[in-house]
Structure formats: C-alpha cells, structure tokens
Amino acid sequence: MSDYLVIVESPAKAKTIERYLGKKYKVKASMGHLRDLPKSQMGVDVEQNYEPKYITIRGKGPILKELKTAAKKAKKVYLAADPDREGEAIAWHLAHSLDVDIYSDCRVVFNEITKDAIKESFKHPRPINMDLVDAQQARRILDRLVGYNISPLLWKKVKKGLSAGRVQSVAVRLIIDRENEIKSFVPEEYWSIDGNFIKGKENFQAAFFGFNSKKTKLNSEEDVNSVMNKLTGDSFKVDSVVKKERRRNPALPFTTSSLQQEAARKLNFRAKKTMMLAQQLYEGIDLGKEGTVGLITYMRTDSTRISEVAQKEAAEYITAQYGKDYMKSEDKKEKKQSNAQDAHEAVRPTSTLREPNAVKASLSRDQHRLYKLIWERFVASQMAPAVMDTMTVNLKNGEVTFRANGSKIKFPGFMKVYVEGTDDQQEEKENMLPDLVEGDMVHAEKLEPKQHFTQPPPRYTEARLVRTLEELGIGRPSTFAPTLDTIQKRGYVALENKRFIPTELGEIVLQLIMEFFPEVINVAFTAKMESELDEIEDGKIEWVSIIDEFYQGFEKNLKKAEIEMQEVEIKDEPAGEDCENCGNPMVFKMGRYGKFMACSNFPDCRNTKPIVKQIGVKCPKCKEGNVIERKSKKKRIFYGCDRYPECDFLSWDKPLERPCPKCEGVLAEKKLKKGIQVQCANCDYKEKPVQ
Numbered sequence: 001m002s003d004y005l006v007i008v009e010s011p012a013k014a015k016t017i018e019r020y021l022g023k024k025y026k027v028k029a030s031m032g033h034l035r036d037l038p039k040s041q042m043g044v045d046v047e048q049n050y051e052p053k054y055i056t057i058r059g060k061g062p063i064l065k066e067l068k069t070a071a072k073k074a075k076k077v078y079l080a081a082d083p084d085r086e087g088e089a090i091a092w093h094l095a096h097s098l099d100v101d102i103y104s105d106c107r108v109v110f111n112e113i114t115k116d117a118i119k120e121s122f123k124h125p126r127p128i129n130m131d132l133v134d135a136q137q138a139r140r141i142l143d144r145l146v147g148y149n150i151s152p153l154l155w156k157k158v159k160k161g162l163s164a165g166r167v168q169s170v171a172v173r174l175i176i177d178r179e180n181e182i183k184s185f186v187p188e189e190y191w192s193i194d195g196n197f198i199k200g201k202e203n204f205q206a207a208f209f210g211f212n213s214k215k216t217k218l219n220s221e222e223d224v225n226s227v228m229n230k231l232t233g234d235s236f237k238v239d240s241v242v243k244k245e246r247r248r249n250p251a252l253p254f255t256t257s258s259l260q261q262e263a264a265r266k267l268n269f270r271a272k273k274t275m276m277l278a279q280q281l282y283e284g285i286d287l288g289k290e291g292t293v294g295l296i297t298y299m300r301t302d303s304t305r306i307s308e309v310a311q312k313e314a315a316e317y318i319t320a321q322y323g324k325d326y327m328k329s330e331d332k333k334e335k336k337q338s339n340a341q342d343a344h345e346a347v348r349p350t351s352t353l354r355e356p357n358a359v360k361a362s363l364s365r366d367q368h369r370l371y372k373l374i375w376e377r378f379v380a381s382q383m384a385p386a387v388m389d390t391m392t393v394n395l396k397n398g399e400v401t402f403r404a405n406g407s408k409i410k411f412p413g414f415m416k417v418y419v420e421g422t423d424d425q426q427e428e429k430e431n432m433l434p435d436l437v438e439g440d441m442v443h444a445e446k447l448e449p450k451q452h453f454t455q456p457p458p459r460y461t462e463a464r465l466v467r468t469l470e471e472l473g474i475g476r477p478s479t480f481a482p483t484l485d486t487i488q489k490r491g492y493v494a495l496e497n498k499r500f501i502p503t504e505l506g507e508i509v510l511q512l513i514m515e516f517f518p519e520v521i522n523v524a525f526t527a528k529m530e531s532e533l534d535e536i537e538d539g540k541i542e543w544v545s546i547i548d549e550f551y552q553g554f555e556k557n558l559k560k561a562e563i564e565m566q567e568v569e570i571k572d573e574p575a576g577e578d579c580e581n582c583g584n585p586m587v588f589k590m591g592r593y594g595k596f597m598a599c600s601n602f603p604d605c606r607n608t609k610p611i612v613k614q615i616g617v618k619c620p621k622c623k624e625g626n627v628i629e630r631k632s633k634k635k636r637i638f639y640g641c642d643r644y645p646e647c648d649f650l651s652w653d654k655p656l657e658r659p660c661p662k663c664e665g666v667l668a669e670k671k672l673k674k675g676i677q678v679q680c681a682n683c684d685y686k687e688k689p690v691q
C-alpha cells in the first residue's frame, strides 16, 4: 500500500513523476476530464443561477472506479493536473468524485517535469483555487449556452452538423472580412527608379528618394519622366553621409501564441501539430541513462516571464560558450500585455545545458526541430543585443536625390544563435556600401524605372490568424489550435496554399449569426468577455452575474431568431458533366473533406468522384493532355497529366501557360519560404519572388 496517491492528467507523466517521488507515492492518470456537461442535453439550469449538471463522461467509469479504490487506500490524495484553469477544474472535479476536501492542501502544481521541480512542488501543496475553477466553469457554460442554442437553429434552417461558438464565429468573421477587403481592393499605381552606381571599381545600389533631399512619391510614368528629364548627365555628387550604430534586441521567449506562429513560419507546422509535439516534449522523453525527462516547461502560457534559476543557468551557459560580451547586460523589465494572465513562465527548455544535438537521438525529427526552435529562442532571449553599423548616403544630380542604405553587423550578439522569422519581410542581411564621403563623385551606370501596383491585404495564414486573435484579445492560449481545427472541420473555411479562404457555407452561417446574434461575432464584445473571465479568475467579480448579463440579451435574440430566421437551401451546383453510370447530371456537394462530385440521381445512383481542377495548361510532356491539380495521400497539392497512366508527367511546382522568354521551356511557380518564384525547368531563367 502506498502512503500517497497522486493524480495527473496523462499516463506519460505518471511513470516519470512516480520515479522522482519514490516508493511512498503511487501516481495514476485521470486521462483528462472525468466529468463534464452531458452531450445529449443543455446541462445548464438557467432558472437556477445557471447551475451546471455534471455527469461522468461515457467510457471514463472504469478509470473513476480505479481512482476511487486507490484513494480509499491512500493516506492522502494529491491532485496534480496541469497548471492552468482547465487543470484546476479537472482537480476540482476529481476532488468532488473522490471525496477530497477542496480546502485541504490537496493541489500540487508544477511548470516543468524535472526532479527538482516536482520535489519542490510537493513541499508547497495548496487548496483548490475556486476562482480559477469558476473562470473555467463560466467559459464552459457560456460556450454551452451559445453552442447548444444556436447550433440546433442552424441544423433546422441550413443543414445538420453545423455549429456556432463564440471564438470560432469571430475567427470565421475575420477571415470573411479579409476576403471582402481583397475583393473590394482597388490597386493603385506607383513607380520606383532603381540605380546601379559605381565608385572606382565598387558597385552599389541606390533608389530615387525625392527632390532636394525631400521624399517624393512617383505615382505615374509622367512623374518618372519628369525626374529623368531633370537629370544632367550620369554623375552624382555625394551630398550627405550619415553613419549610425543601431542596436537590435532579441525576441522574447515563446508564449503559446508566438510558438505557434514561429513554428508555422520556420517549420511549416500547423498549430495543432505544434501543440501535440509540445505536449510530448513537456510530458517527457526517454533519454536513455537519464531516464524520462520533460524537456520544456508548460506550453500553454501567455507570459514571457523567466525564473531566476533558468536565467542564471542560461547566463552561465552563454558565458562559457560565447564569452561575457554575449551576455545580456541587464534584466530588462518587459511590459506585460493587458490581456495576459501571466499565470506561469514562458515556454522554455527545462535546462539550457540540454542542447538540441545532445538529445537528437532520443527525439523524432519533428520533436527535435521544435525543441531546437524553443531552445534557440530562449537562449537568444538571454543574450546581448546585436549591434549594426548603418550608413545612409544621399546622392544628388541637380535637384534630384537618390538614396543608398547600407548596414553591416558590428557585433552579432543574439543573432549568433537565432533570428526571429517574419510573415512579410526578408530577414535582415548585410548590405555593404563603399567608403563614401561628402563631395565624392559617383557614376550612375544604369537607372531603371519600374512600375508597381499596391497589393491587397494578404489572406490569413494560421500564424497571422493566431496573432490577430491574440492582439484582439479573442480566446486564450489553449483555444487557438482547437478553434482553427474546428472552423475547417465544419467546412466554414478551407486552406488553399496555406491561406484561409471562406466557403459559401461559412458565409451563409456568418450572415445568419450577424443578423440575429450580433454580439456573438462582435470582436469587441468577445474580447470584453475574455477580460471578464480573467476578472473572475482574479476573484474580482462573481461568475453568475457575467453569465446572466450575457444571457438576458441572448435569450431575446434567440426567441426572435426561432420565429424570423428563414430556411436557407444550399443548392447543389451543376458540375457540367453527366454521370457515366446512369446519364443524370453530376453536381458538386460539400462533404466532410471538402467538395466532391456526386450523381444528382442519389440515392438511386451512388456514383461519386473527386473534383478534377484544370489549370489551363497543356501537358508539357505529351502535348496532348491537360495538366490538372491533384492531391497526395498527405493532402499535398501536385500537378499531373489527365492522360495518366498513358502519360506520367508529374510536378510539385505549378506549370504556367506562358513559355520561358529565354529558351521557350516550361515555366513553373516554385514555392519558397518567402513567396512564390517563377522559374524555368530547362534553363537558369528566374523571376523575382512574389509574396
């Protein structure tokens, strides 16, 4: 018989923690929640202060029975679920089911699964924090009231299987609003003049800046001609040289949101995959002789705070590896975000000394890539700023001014380890200029006017959408990945070239919600609700009052919608071809995995087939077939001839209809990290990458 029973959420953690605590402790897993609101009914009594009705989750009965038996034999029960609202709620439900006094020192929390952290946490058990539990209950009840009231309406008025939720509805709205911006966008023309200049034997680039060192925009070809006409010869005088030293600070350690964004940019991971891998690294990896060890701290956090112990270890590592000059000179106090809970530390390695390459053999490829990203970001965050020498040179020909900007790294600092990625811009590169001084004369070898057009705002990638939701205060760290997953599964949005586009179904559902439940998709309202949940957690307001304030208005809208909402018929779109089995027209239908073609004579004829997407290009190999877009088993898009298997042409890059201007070969769009580049399959012809 063990003296103490410890209950965690995951069996992966149980063995590791049991080994750290010793023979007197028995560690078992609850496998997440054991109690929840029933799936078959609302489970919230709106007449009795929104009292929730909890039941044992189907299939969890045997686990609960096993835990009850173990609890009766133990002298004391410790509840060690995850250190967040959800974990606190799980601990509260367990206490209720196992007759554990919630006011006793039964709750243990730890931010990392290492021997020292586990042993230290058991020295400081505490009662269950009911403010945290109430905040989680309020979110659960709020979402249940919205989902279980609006969803049946959508089933009745539109189609079965639809759902509506506070955060997911706002996410869909953001995607649809962005699509509308793109559709209504009117490009504006503008021009630039790029110049290649020579001083002695050295070349450098400069661009038109303005007149008499005052910035001027070029809006048309006439403006360009005006500049060119004012030039007298091809000699330019160096009018001014400004040299500065610029410091660039490292990025802060990861939060949940910034981890999801950076993993999307640098590793091409979906948010769901990032969180799954992070969970594995947190719960523990078998490192052979060292045993199973948690490699990172808890991954659901909106804080960038770092413990003094972790800072000290990182400082010692950086000093030993790179020298004192690379150490951060002072601990700069970072401003906390107004909507951050700051419940625990940033996402960081549990030990800086555990270098990525040292544990590589114990990790899968993707686990290693994510761990390396987390490790490098944390180490860089504790390093000195990079120092850049910058040089700005104005070149004058009469009243026309061209400007050249150059920079070089004087001291790399944190950049020796890691540089943060960006969605839209290229990473900073050195651009050396010749040694120029005022009064020098330089020669313009070539001046090239270029026409440009302003671009519409980009569609949301997963990273952009997560960042926007966080900036607007919509959702919390634990909600981002499930939200993105849900809106795709429901068929409200689709990912095309890693960017979200709304579906017809998504637009129909959003329009109905906007008409009858405007508060549900109101960004400011949803953000305000999130901050009120935080106030419940802080013990400042009572959860029932928040729910009641929302439900009073919501219930009126609900009654109105039940009467006034019109049924929407989503008609099948003709596919433009007949069924080869029965001769009836084929139509496009929306299925669980997107659109497909089906016979309109269903259920008498059950013929279905995937949609073939023509890209308007003749097969470059056989010259007879057409190139079509296809998908691999892993949903990756590739291109092939529609005469397959007679013709075996295949390409990951999208072929274009226009030929290569250099060799008449096949041009194709190649996806790069920083955009799409058109290049020839036969020669070295390449065009400038486009975002």
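The opening residue of the sequence shown carries number 1 in full-length UniProt numbering; numbering runs sequentially from there. Just so it is clear, CB atoms sit at the ideal spot from N, CA and C, and this is done for glycine as well.
Per DSSP, the continuous beta strand (DSSP E) segment holding Thr401 begins and ends at 400 to 411.
In the structure shown, Trp191 adopts extended strand secondary structure according to DSSP, grouped into three states. When DSSP states are grouped into helix, strand and coil, Ala668 belongs to the strand group.
Around Phe638, the same chain offers Arg630, Ser632, Leu650, Ser651, Trp652 as residues with beta carbons nearer than 7 Å, after the five sequence neighbours per side are excluded. In the DSSP assignment, Met388 is bridged to Arg246, Ile409.
With contacts defined by Cβ atoms closer than 8 Å, Asp143 and Arg166 form a contacting pair.
In the three-state DSSP reduction, Phe378 falls in the helix class (H, G or I).
Residue state for Asn229 is assigned as helix, using DSSP reduced to three classes. Excluding the 5 residues flanking it on each side, Gln451 has same chain C-beta neighbours closer than 6 Å at Trp191, in chain order.
Taking C-beta separations shorter than 6 Å and ignoring five residues to either side along the sequence, the partners of Gln679 in its chain run Lys670, Lys686, following chain order.
Of the residues assessed, Lys662 falls on the exposed side of the cut-off, its CB having fewer than 16 other CB atoms within 10 angstroms. Straight through space, the alpha carbons of His93 and Pro38 are spaced by roughly 14 Å. For Met130, the three-state secondary structure derived from DSSP is helix. In the DSSP assignment, Glu66 falls within the alpha helix (DSSP H) that extends over 61 to 73.
Counting every other CB atom within 10 Å of its CB across the protein chains shown gives Asn212 a total below 16, marking it as exposed.
Under the three-state reduction of DSSP, Gly147 is assigned to helix. Per DSSP, Lys13 is one residue of the alpha helix (DSSP H) stretching across 11 to 21. Excluding its 5 nearest sequence neighbours in each direction, Pro449 has C-beta neighbours in its own chain below 7 Å: Trp191, Ile193, Val224, listed in chain order. Around the beta carbon of His344, 16 or more other beta carbons lie within 10 angstroms, which makes this residue buried. Between Glu577 and the set Glu562, Glu569, Val612, the nearest pair of CA atoms involves Val612. Around the CB of Met383, 16 or more other CB atoms lie within 10 Å, so the residue is classed as buried.
Annotated three-state conformation of Tyr103 is coil, per DSSP. Note on geometry: alpha-carbon atoms of Gly43 and Leu145 lie some 9 Å from one another. A Cβ-Cβ contact shorter than 8 Å links Ile513 with Ser169. In this structure, Thr422 sits away from Val347, with a CB-CB distance that is not shorter than 8 Å.
Within the DSSP secondary-structure output, Pro349 pairs in a beta bridge with Ile296. Shown here, His443 sits in a strand according to DSSP, grouped into three states.
For Lys230, the closest alpha carbon among the candidates Lys560, Leu484, Asn431, Phe402 is that of Phe402. In the displayed model, Thr56 falls within a strand according to three-state DSSP.
Non-local C-beta neighbours of Ile546 in its own chain, meaning closer than 7 Å and more than five positions away in sequence, comprise Ala138, Glu532, Ile536, ordered along the chain. In this chain, Tyr317 is not harboured by any beta strand (DSSP E); it is covered by the alpha helix (DSSP H) spanning 308 to 322. Beta-bridge partners assigned by DSSP to Leu267: none are found.
Each residue's CA atom was taken as its position, placing Ala207 and Glu189 some 18 Å apart.
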